[in-house]
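Asks:
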Amino acid sequence: MKLVHTSVMKEEVLQFLAPPAGKSLLIDCTVGEGGHSEAFLQSFPDLRVVGVDADPTILQLARSRLRDFGDRFQGIEGWFDEFFSRYPLNERPDRVLFDLGVSSYHYERSGRGFSFLRDEPLDMRLGKTEGRTAMEIVNTAPLDELSVCFSRFGEERFAKRIARAIVEARVQTPIRTSKELADLIWDAVPAKYRYGRIHPATRCFQALRIVVNTELERLERGLEGAFNLLKVGGRIGVISFHSLEDRIVKHFFRKKGNISMKDTNMPIPKTEHKKIALPVTRKPIRPREEEVQNNPPSRSAKFRVIEKISEEG
Ligand SMILES: C[S@@+](CC[C@H](N)C(=O)[O-])C[C@H]1O[C@@H](n2cnc3c(N)ncnc32)[C@H](O)[C@@H]1O
C-alpha cells in the first residue's frame, strides 16, 4: 500500500490538541490516509481515536495503516456532519480534528477527476455513489448555475466566460474528463491569465468539488454537531485551505466565544453575554516556511482551535 499524503502542521496539531491526562477520545473527522491519527496514537498511549471519512477507499488505507493500534483506532465511513447528528458512540470526545478538503490520494490515485493535470472521468464524489457527479453538473447545469458555482465557490473572476464556453462546447460533445474540462477552461480565459501563479482551471475545479460534496454546508453542520457533543474542557481544531472554509470556521468560533443567553436564575430574567468557548489560537496558525518548502500543498493552510468552557443553554 503506497501512502501519498503528507499531513499538514502535524507538530502544531499535536501540541494544541494534546489530550488531557488519562483515558480520552479524539474524533478525527477527516481521517484520510490516517497521518494525523497515527501521530496522535503514537504520542498519547491512553488516547483512543475514532476516524471518520466519507470515502470508503481511503478509509480502508487508514484502517490498514493503523491496524497495529488494535482497538485504540476505529474507522467509521460517513460524512462528518451525519456522524455527529446520529452519534454512534456512548462516550463524548475530548478532542475533535477537522483537516478539510481532499487528500493528495484523491488528486494522485483516486482516478475520479479531482486534478486538472490528469485525464480521468469527471466524478469528484468522495462518497462514491451518492449525488451528482462533476460530469453531470458540467453537462447539464444551466449557464447561470455554472457561473454562480465558479464565482461563489471558486472566487473565479472569469466565471461567466468559462461557463459560457462550457455551455457552447457541450452542445457539440459532452465534457467527460478532467483534461477536457481543463483544456476548455484554458482556452476560455484571456491569454494573460494562463501563465499566472496558479493554473487557470484551479478555481473552477475547487468550485465543482465543493458543490459535488456540499462541503460548506457539511462544515457548518459538522462544527455545530461536534461542539454540542464535545466535553466541557474539550477542544476543536480545524485546518482549512481556502477563504470560504476559513470564514465559516472563524465565524463559528466567534459565535461560540460570545453567545447571548437568558439568565433565568435572576429574579427578573436578564439577557447577558456568556461565553461558552474560548479561542486557544487568537490568530490562525500557519505552516512554517520549511514545511511549505517540503510540502507545497500546505502553503494555504490555517489552523484554528477553540476550547469549550460550558454547555450551551
Ligand atoms: C486533507 S484529507 C485528511 C488527511 C489526514 N488528516 C491525514 O493526515 O492523512 C481530508 C479527508 O477528509 C475527507 N472528507 C472531506 N470532507 C468530508 C466530510 N464532510 N465528511 C467526512 N469526510 C470528509 C476526504 O475524503 C479526505 O480523505
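The opening position of the sequence shown corresponds to residue 285 in the working numbering, with each subsequent residue numbered one higher.
Virtual Cβ for every residue (Gly too), placed ideally from N, Cα, C.
Quick caveat, the model's predicted, so the values are computed rather than measured.
(1) Just grab the DSSP bridge partners of T341 for me.
(2) Pull the bridge partners of E361 from the DSSP assignment, please.
(3) In or out: N542 buried (at least 16 other Cβ within 10 Å) or exposed?
(4) Using CA coordinates, which residue listed in F382, I342, V432 is at the minimum distance from G316?
(5) For I532, which residues in the same chain have their Cβ closer than 7 Å to its Cβ, ignoring the five residues on either side in sequence?
(6) How many angstroms separate the CA atom of G306 from the CA atom of F328?
(7) Mind checking whether G359 and R351 have CB atoms under 7 Å apart?
(8) Short of 7 Å in beta carbon distance, which residues of its chain neighbour R478, apart from the five on each side in sequence? Order them along the chain.
(9) Examine ligand 1 and report whether any of its heavy atoms sits within less than 6 Å of the Cβ of D530.
(10) Report yes if the C-beta distance between L301 and R379 is below 7 Å; otherwise report no.
(11) Can you tell me the Cα-Cα spacing of P458 and K539, whole angstroms?
(12) Check the DSSP bridge columns for L331 and list the partner residues they point to.
(13) Helix, strand or coil, according to DSSP, for P581 in the structure here?
(14) Short check: CB of D250 to CB of G335, under 7 Å?
(15) With three or more beta-carbon pairs closer than 8 Å as the criterion, would you say the stretch 368-378 touches the stretch 389-398?
(16) Determine the extent of the beta strand (DSSP E) in which D383 is found, giving its start and end residues.
(17) Specify the secondary structure class of I569 as computed by DSSP and reduced to three states.
(18) Cα separation between E420 and L492?
Replies: Let me lay it out:
(1) As a position in the sequence shown, residue 341 is number 57, starting the count at 1. None, per the DSSP bridge assignment.
(2) Counting from 1 along the sequence shown, the entry for residue 361 is found at position 77. In the DSSP output, where bridge partners are listed per residue, E361 has D337.
(3) Numbered from its first residue, the sequence shown carries residue 542 at position 258. Exposed, since its Cβ has fewer than 16 Cβ neighbours within 10 Å.
(4) Sequence index remark: in the sequence shown, residue 316 carries index 32 (1-based). Nearest option by C-alpha distance: I342.
(5) Taking the sequence shown and counting its residues from 1, one reaches residue 532 at position 248. Hits under 7 Å: L500, L503, E504.
(6) Within the sequence shown, residue 306 is the residue found at index 22, counting from 1. Within the sequence shown, residue 328 is the residue found at index 44, counting from 1. Roughly 10 Å between the two C-alpha positions.
(7) Looking up residue 359 in the sequence shown gives position 75. Looking up residue 351 in the sequence shown gives position 67. No, the Cβ-Cβ distance between G359 and R351 is not below 7 Å.
(8) Mapped onto the sequence shown, residue 478 falls at position 194. Once the five neighbours on either side are set aside, the close Cβ partners of R478 are W470, P484.
(9) Indexing the sequence shown from 1 puts residue 530 at position 246. Answer for D530: no, Cβ out of range of ligand 1.
(10) In the sequence shown, residue 301 corresponds to position 17, counting from 1. In the sequence shown, residue 379 corresponds to position 95, counting from 1. A contact, by the Cβ cut-off of 7 Å.
(11) Translated into positions along the sequence shown, residue 458 becomes position 174. Translated into positions along the sequence shown, residue 539 becomes position 255. About 45 Å.
(12) Counting from one through the sequence shown, the residue named residue 331 turns up at place 47. Bridge partners of L331: S308.
(13) As a working mapping, residue 581 is identified with position 297 in the sequence shown. Three-state result, P581: helix.
(14) The first residue shown for the chain is 285 and the last is 597, placing residue 250 beyond what the model contains.
(15) no
(16) Taking the sequence shown and counting its residues from 1, one reaches residue 383 at position 99. Unbroken beta strand (DSSP E) run through D383: 379-383.
(17) Counted from its first residue, the sequence shown places residue 569 at position 285. I569: strand per DSSP, three-state reduction.
(18) Here the question's residue 420 lines up with position 136 in the sequence shown. Here the question's residue 492 lines up with position 208 in the sequence shown. In a straight line, the C-alpha of E420 is about 11 Å away from that of L492.
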